[in-house]
Amino acid sequence: MIPELGHFATMLALLVAIVQGVMPLLGAHRNRSAWIALARPAAQAQWLLLLLAFGCLSYAFYANDFSVGYVAEHSNSRLPALYRFAAVWGGHEGSLMLWVLMLATWTLAVSLFSRALPEAMVARVIGVLGLVSCGMLLFILATSSPFERLIDIPADGRDLNPLLQDPGLVIHPPMLYMGYVGFSVAFAFAIAALLSGQLDAAWARWSRPWTVLAWIFLTLGVGLGSWWAYYELGWGGWWFWDPVENASFIPWLVGTALIHSLAVTDKRGAFKNWTVLLAIGAFSLSLLGTFLVRSGVLTSVHAFATDPRRGLFILVFLVVVIGSSLLLFAWRAPKVGLGGRFALMSRETLLLVNNVLLVVASGSVLLGTLYPLLIDALGMGKLSVGPPYFQAVFVPLMAPLLFLIAIGPLARWKQARTGDLVKRLRLALAVAAGIGVPLVFGNWTPLVGLGLLLAVWIIASGVAQIRDRYRSAAGKRVPRAFWGMQLAHIGVAVFVIGVTLVKGYETEKDVRMAPNDTVQVGGYTLRLLGVRGAMGPNYRAAVGDLELSTDGKVLRMIHPEKRAYFSSTMPMTEAAIDSNVFRDIYVSLGESLGGQDGIGAWSVRVHYKPFVGWIWGGCLLMALGGLVAVSDRRYRLSAKVAAPVAGGLQGASA
Amino acid sequence: MKRFMIPVALFVILVIFLGIGLTLDPHEVPSPLVGKPAPTFNLRQLANADKPFSPKDMQGKVWLLNVWSSWCVSCRTEHPLLVAFARQGRLPIVGLSYKEVRGDGAIDSSKLSADDELIMTRSRAISWLAERGNPYALVALDIDGRVGIDYGVYGVPETYVIDKTGIIRYKQIGPLTSDALDKKILPLVKELEKS
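Residue numbers (the working numbering), protein chains in the order written: chain Y, 127 to 780; chain P, 7 to 201.
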């Protein structure tokens with residue numbers, strides 16, 4: 127009964143989504159306040175229905191109801207309860223349910239925190255979100271319902287893919303989807319603005335906090351994904367330029383460009399068309415990412431079931447959503463004025479350069495991701511594009527961007543004097559040279575030198591800017607938006623330090639170890655004491671006992687595992703990591719090289735990774751910066767002060 | 007107006023490529039084993055307990071090797087098709103019972119002795135075939151999955167077409183479909199039988 131209830135709730139949600147997508151938009155167009163008023167209750171009803179549907183699916187997993195095909199495919203009665211819950215989004219159908227639930231949650235948030243906005247605007251935004259939801263719900267119901275029953279009920283389920291049985295997976299997809307789907311709000315604001323024809327600075331101001339929020343989630347999602355790949359895949363890498371990873375990274379790049387462009391449109395009224403296009407682009411690329419991942423047109427380590435019918439459906443959906451938005455843009459954009467003028471040397475110019483670099487970077491990642499598909503489609507054979515391409519393209523694009531991060535916030539709007547900039551950055555430059563250059567002695571390589579120099583440059587100028595700001599503020603409070611920006615920029619620098627030092631100084635050893643053998647890495651010694659068998663709830667494991675010591679002093683024991691899950695033919699590597707702020711010691715157990723367990727030798731891979739944690743620390747700082755920025759007084763204030771004004775407008779329009 | 011159409015134009019090009027991409031199968035990378043001799047093995051049979059089976063026994067025939075197990079959900083969907091196909095008597099189908107006990111998450115096989123595992127494998131496989139029909143000329147028991155590793159078994163079910171000289175000619179990953187049977191496997195078999 128419960129799965130049928132979930133299915134029914136999903137169907138009802140589709141009906142509500144149709145109402146939500148049609149009536150408020152028509153109402154806003156024809157000025158019917160009764161239709162406009164439908165927007166909020168419809169959004170809230172849809173959220174409740176989808177929450178119910180998602181709850182029903184979760185219950186089917188919790189209760190091990192293997193009569194439901196999706197549950198039988200992705201769960202198992204021995205799977206621990208936490209993973210049974212995470213298994214809800216462990217496959218295609220459930221991920222889509224999570225996607226629509228997230229969309230409904232964002233819509234709910236818009237319906238609750240939009241009192242300050244004109245009613246017609248809110249109606250349009252919620253209407254557009256409703257239409258998107260219609261498409262996704264139709265997709266679920268027509269091709270990918272997770273509620274379908276099996277006629278032939280298996281005694282037990284097939285179990286969740288062992289790679290996904292990990293705490294990281296419990297939070298990674300929800301974060302990522304919150305980010306992906308969150309860009310739908312900025313998209314809806316942009317479409318609403320195009321529809322109403324009022325493409326002024328107001329829509330940019332309204333959509334700014336939403337965009338930053340979505341960007342925070344996406345940043346955390348991408349960072350978590352990278353961290354998960356690092357410790358779970360057992361290769362010691364943290365980014366593989368895999369199509370699925372790229373699918374999340376491309377919207378992140380465009381979203382980052384969007385945040386900066388929105389600032390210009392909000393403050394200066396410039397870049398209006400460009401910002402709208404970016405808002406459409408960020409969400410379109412999220413949808414495209416969903417298409418690439420879900421349709422199976424690309425192969426990837428993230429293997430998902432492929433079904434051509436599903437691919438076709440998403441493609442049609444893409445054409446409808448993105449095609450109609452871009453046509454709407456082409457129709458409306460020429461009527462928009464140019465907005466504020468600015469000089470060549472100004473903050474606007476610098477932000478424009480930032481935007482161009484980010485968009486070109488995302489375009490080149492997209493090209494690299496799609497290139498195998500293009501070549502295959504042209505009948506020119508099969509190939510794959512690997513990290514060398516991405517690194518070759520990415521570094522030259524990011525270096526100038528990193529350089530500009532330090533200057534952008536200092537330049538004035540409209541016009542800045544170069545001499546002024548140089549004067550204010552003198553100190554930062556000196557510090558960067560002073561700290562950066564000596565830092566790179568020893569194994570000096572140009573890339574390491576460049577990376578460190580840029581990172582120190584960003585941090586030093588950040589500190590200089592904070593000092594300047596305090597001096598000129600003279601007792602007034604420095605706004606949180608400023609702190610948020612600085613924090614995020616320093617996060618970028620921390621990230622760059624991590625990447626640079628790992629790339630430059632990591633060492634890796636692949637050795638054969640018998641008990642009591644030792645291996646040296648990065649000044650540490652690892653001694654293999656033995657390998658023993660152990661049982662997990664749904665797997666058998668070989669657990670290595672290794673002793674980590676430095677200068678003859680034993681630090682701790684570490685235990686890498688090789689797991690054989692009952693449900694899978696692929697053995698899983700659980701790396702053991704000893705980490706601190708300055709380095710990780712990463713140990714993974716390879717194959718048994720003959721002999722009985724515990725006696726014979728094993729192949730062991732040991733990595734020494736300096737500053738690798740800074741990569742994710744940087745992501746965390748960026749996200750934190752975003753969080754501080756959205757908590758700025760400006761947004762809270764505008765919500766309160768503007769409320770009566772909006773009420774007045776509503777009265778006038780009714 | 008024109009320059010504002012650029013995004014639409016780019017998008018149209020992208021969609022055309024994505025559309026073509028949908029008709030292609032990126033997984034259609036030929037298995038490294040296709041065109042190579044089928045790895046040899048010697049395994050106990052399900053019915054004829056004393057006589058081991060080896061791929062060499064099939065020399066001179068075109069045959070199918072179907073990897074299955076009773077715990078595999080997709081095998082259930084594939085099975086009726088196999089049974090119907092076997093009834094036509096076109097060519098022999100050899101079953102490879104893959105990790106029947108070990109692969110089943112519900113059983114802790116580490117507590118089983120080798121003999122118990124064999125007995126359990128037998129009884130489970132026999133009752134499954136009794137219930138759903140037996141399409142196989144014979145079934146070889148790959149209890150520990152070693153043969154599966156040699157064949158690069160990726161997931162159950164999988165089906166291999168092996169020619170008269172013992173060379174793998176085709177590999178179907180995942181359940182057989184009537185489409186794959188009619189369009190790929192049967193034409194290939196016809197051709198192989200001629201030679």
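We put the CB at the ideal spot given by N, CA and C, even for glycine.
Computed from a prediction, not measured in an experiment: that's the story for all the values here.
What's the call for residue i, buried or exposed, on a 16-neighbour Cβ count within 10 Å?
i	result
Phe468 of chain Y	buried
Gly66 of chain P	exposed
Gln178 of chain P	buried
Met506 of chain Y	exposed
Ala700 of chain Y	Per the sequence shown, the amino acid found at residue 700 of chain Y is Glu instead of Ala. With 16 or more other Cβ atoms within 10 Å, it is buried.
Phe621 of chain Y	buried
Phe375 of chain Y	buried
Pro686 of chain Y	buried
Ser184 of chain P	exposed
Thr127 of chain P	buried
Ala103 of chain Y	In the structure displayed, chain Y extends from 127 to 780; residue 103 of chain Y sits before or after that span and is not available.
Met304 of chain Y	buried
Phe239 of chain Y	exposed
Lys196 of chain P	exposed
Trp583 of chain Y	buried
Tyr596 of chain Y	exposed
Ala15 of chain P	exposed
Asp191 of chain Y	buried
Val427 of chain Y	Confidence at Val427 of chain Y is low in this model, with a pLDDT of 42, below 50, so its placement is unreliable and the value that follows should be read with caution. That one is exposed.
Glu199 of chain P	exposed
Ser133 of chain P	exposed
Ser508 of chain Y	Here residue 508 of chain Y is Lys; the residue named in the question, Ser, does not match the sequence. With fewer than 16 other Cβ atoms within 10 Å, it is exposed.
Met228 of chain Y	buried
Asn480 of chain Y	buried
Arg120 of chain Y	Chain Y is shown only over 127 to 780; residue 120 of chain Y falls outside these bounds and no answer can be derived.
Ile22 of chain P	exposed
Pro498 of chain Y	buried
Gly617 of chain Y	buried
Ala281 of chain Y	exposed
Could you tell me whether the Cβ atoms of residue i and residue j are closer together than 8 Å?
i	j	result
Gly172 of chain P	Pro61 of chain P	yes
Gly283 of chain Y	Ser387 of chain Y	no
Arg606 of chain Y	Asp758 of chain Y	yes
Ala246 of chain Y	Ser322 of chain Y	yes
Ala408 of chain Y	Gly610 of chain Y	no
Gly27 of chain P	Ala373 of chain Y	no
Ala405 of chain Y	Ala316 of chain Y	yes
Val226 of chain Y	Leu263 of chain Y	yes
Gly347 of chain Y	Leu302 of chain Y	yes
Lys393 of chain Y	Leu325 of chain Y	no
Trp232 of chain Y	Gly308 of chain Y	yes
Gly624 of chain Y	Phe737 of chain Y	yes
My assumption, with CB atoms under 8 Å, is that residue i sits in contact with residue j. Please give the rounded CB distance.
i	j	result
Pro1 of chain P	Leu71 of chain P	Nothing can be reported for residue 1 of chain P: it is not among the residues displayed for chain P, which extend from 7 to 201.
Leu177 of chain Y	Val296 of chain Y	With a Cβ gap of about 19 Å, Leu177 of chain Y and Val296 of chain Y do not count as contacting.
Leu87 of chain P	Ile99 of chain P	That belief does not hold up - the Cβ atoms of Leu87 of chain P and Ile99 of chain P are roughly 11 Å apart, past 8 Å.
Thr676 of chain Y	Tyr712 of chain Y	That belief does not hold up - the Cβ atoms of Thr676 of chain Y and Tyr712 of chain Y are roughly 16 Å apart, past 8 Å.
Ala77 of chain Y	Ala581 of chain Y	Summary: the structure shown does not reach residue 77 of chain Y, with chain Y confined to residues 127 through 780, and so no result is reported for it.
Ala249 of chain Y	Ala154 of chain Y	5 Å
Ala319 of chain Y	Met11 of chain P	At roughly 20 Å, the Cβ-Cβ gap does not stay under 8 Å, so Ala319 of chain Y and Met11 of chain P are not in contact.
Ile385 of chain Y	Thr416 of chain Y	About 22 Å; that fails the 8 Å criterion.
Is residue i near the ligand NAD, judged by its Cβ being under 7 Å from some heavy atom?
i	result
Leu52 of chain P	Looking for the ligand NAD in the displayed structure turns up nothing, as the structure carries no ligands at all.
Compare the C-beta of residue i with all C-beta atoms of chain A and state if any pair is closer than 8 Å.
i	result
Gly101 of chain P	Looking for chain A here will not work: the only protein chains present are Y and P.
Members of the region 134 to 165 of chain P near chain Y, C-beta cut-off 9 Å | Gly151, Gly154, Ile155, Val159, Tyr160, Gly161, Val162
Using a beta-carbon distance cut-off of less than 8 Å, what residues from the region 65 to 81 of chain P approach chain Y?
-> Trp77, Cys78, Val79
Mind listing which residues of the region 10 to 31 of chain P have their C-beta closer than 7 Å to chain Y's C-betas, in chain order?
-> Phe10, Met11, Pro13, Val14, Phe17, Val21, Phe23, Leu24, Gly25, Ile26, Gly27, Leu28, Leu30
Interface positions of the region 646 to 660 of chain Y facing chain P (Cβ-Cβ less than 9 Å), listed along the chain | For the region 646 to 660 of chain Y, the residues whose beta carbon sits under 9 Å from a beta carbon of chain P are, in order, Gly659.
Could you pull out every unbroken beta strand (DSSP E) segment of at least 3 residues lying fully inside the region 671 to 730 of chain Y, listed in chain order?
-> Taking 3 residues as the minimum length, the beta strand (DSSP E) runs contained wholly in the region 671 to 730 of chain Y are 679 to 684, 687 to 691, 698 to 700, 702 to 705, 709 to 719, in order along the chain.
At a Cβ cut of 9 Å, what residues of the region 276 to 299 of chain Y count as close to chain P, listed as they run along the chain?
-> Per Cβ criterion, the list reads Leu276, Asp278, Pro280, Ala281, Asp282, Gly283, Arg284, Asp285.
Along the region 742 to 766 of chain Y, what residues have a CB closer than 7 Å to any CB found in chain P?
-> none
Counting only runs that start and end within the region 313 to 395 of chain Y, where is the alpha helix (DSSP H) found for 4 or more residues in a row?
-> 327 to 358, 369 to 394
Segments assigned alpha helix (DSSP H), at least 4 residues, entirely inside the region 228 to 273 of chain Y | 245 to 269
Residues, ordered as in the chain, of the region 445 to 476 of chain Y that lie near chain P by beta-carbon distance below 7 Å = Val445, Ile448, Gly449, Leu452, Leu453, Phe455, Ala456, Ala459, Pro460
Ordered list of beta strand (DSSP E) runs contained in the region 460 to 523 of chain Y, each at least 3 residues = none
Identify each residue in the region 492 to 519 of chain Y for which the Cβ-Cβ distance to at least one residue of chain P is less than 8 Å, and report them in chain order.
-> Leu496, Pro498, Leu499, Leu500, Asp502, Ala503, Lys508
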